[in-house]
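Here the sequence shown is numbered in the working numbering, starting from 159 and rising by one per residue. In this text, a Cβ means the ideal position worked out from N, Cα and C, and glycines have one as well. What you are looking at is a predicted structure, and each value in this text was computed from that prediction instead of being measured. Below you'll find the structure, written out as structure tokens, and then a few comments.
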Amino acid sequence: MTRRALWFAARPITALRFAALPLAAVLLSSLAEMGHAQDYRTTSGSRQRRGETELRANVEFAVGELRIAPAAAGTLYRFDLVYDAEHFDPVASYSPESRRLRVGVDGRGRGNIRHRDRERWRQRLDLNLSPATPVSLDLAFGAGTADVELGGLSLSDVGVKAGASETTIRVSEPNRVTCRVFTLEVGAIDLKTEKLGNARCQRIKLKGGAASVVLDLTGQWIAGATSQVDIAVGLGS
């Protein structure tokens, strides 16, 4: 296990690449070894902005294809979920009091899904979040592929747990507010980030290990401030 801490002012940073030792997939404990017969269903939901000053978004998606992107103007959130009703229950709730959104799937199984089986899953979650409302994003993703576009959002803090997945996280446009911390906890397969500097976080933390990690720290960092990047991964030779 190698640990590194980097401190830097607001200036361009070159991408960091790591070839790490494979780790056991970090999957949600609810996944199971299941048969090929699947019953797919769909559900959708959305809410318009009503003066919310914050949004706490909790996303739990065990396996499948995940897409996150900014929502249209005036929309607090919108999601479209395709799920395997034979093995998973849809999770979709919003509390106006706590301003908490929960979306994803809850597995009915016992044990873990095998990594080689992930291609046969056709679950999909498309989630759009308001660019104008400060968002605290907590994302747990198991197996499959994830494409996460956070550019232009108002990110107060971000936590990502990615297991046996191929995950791309982009921040193509500068964050509208200052982010406290951006935490990445990775398991196996590939993680690619683009322009994490645009997240404008005071601290970025990378934990765990992966077959391949690309940590792109370019972008518009907080002007006149010093940020910290903590890296703790199992590096290969």
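- For D284, the enclosing beta strand (DSSP E) begins and ends at 282-287.
- Secondary-structure assignment with DSSP links E212 through no beta bridge to anything.
- Uninterrupted beta strand (DSSP E) stretches at least 3 residues long and entirely within the stretch 299-375 occur at 312-320, 323-328, 337-344, 347-352, 359-366, 370-373, given in chain order.
- Cβ neighbours of E343 within its own chain (closer than 6 Å, five residues either side excluded): K319, K365, G366.
- Burial state of T200 is exposed, judged by a 10 Å Cβ sphere holding fewer than 16 other Cβ atoms.
- In summary, A383 is exposed, with fewer than 16 beta-carbon neighbours lying within 10 Å of its beta-carbon over all protein chains present.
- In this model, L311 and R334 are separated by some 6 Å (Cα to Cα).
- Distance check between E331 and each of A227, Q206, A215, L259 places A227 closest, using alpha-carbon atoms only.
- D388 sits in a strand when the DSSP states are folded into three classes.
- Close CB contacts of D264 within its chain, under the 7 Å cut and outside five residues either way in sequence, are with S188, F246, D247, V249 (chain order).
- Between R225 and S256, the CB-CB gap reaches or exceeds 9 Å.
- Beta-carbon to beta-carbon, I389 and T336 are separated by about 22 Å, too far to satisfy the 8 Å threshold.
- Taking the C-beta atoms as reference points, F340 is found nearer than 9 Å to L313.
- For S256, DSSP records no beta bridge to any residue.
- Comparing alpha-carbon positions, the option among L295, A322, D348 lying closest to D315 turns out to be L295.
- By alpha-carbon distance to R258, the top candidate from L373, T325, L234 is L234.
- Judged by DSSP in its simplified three-state form, D197 adopts coil rather than helix or strand.
- DSSP places R236 in the uninterrupted beta strand (DSSP E) bounded by 233-242.
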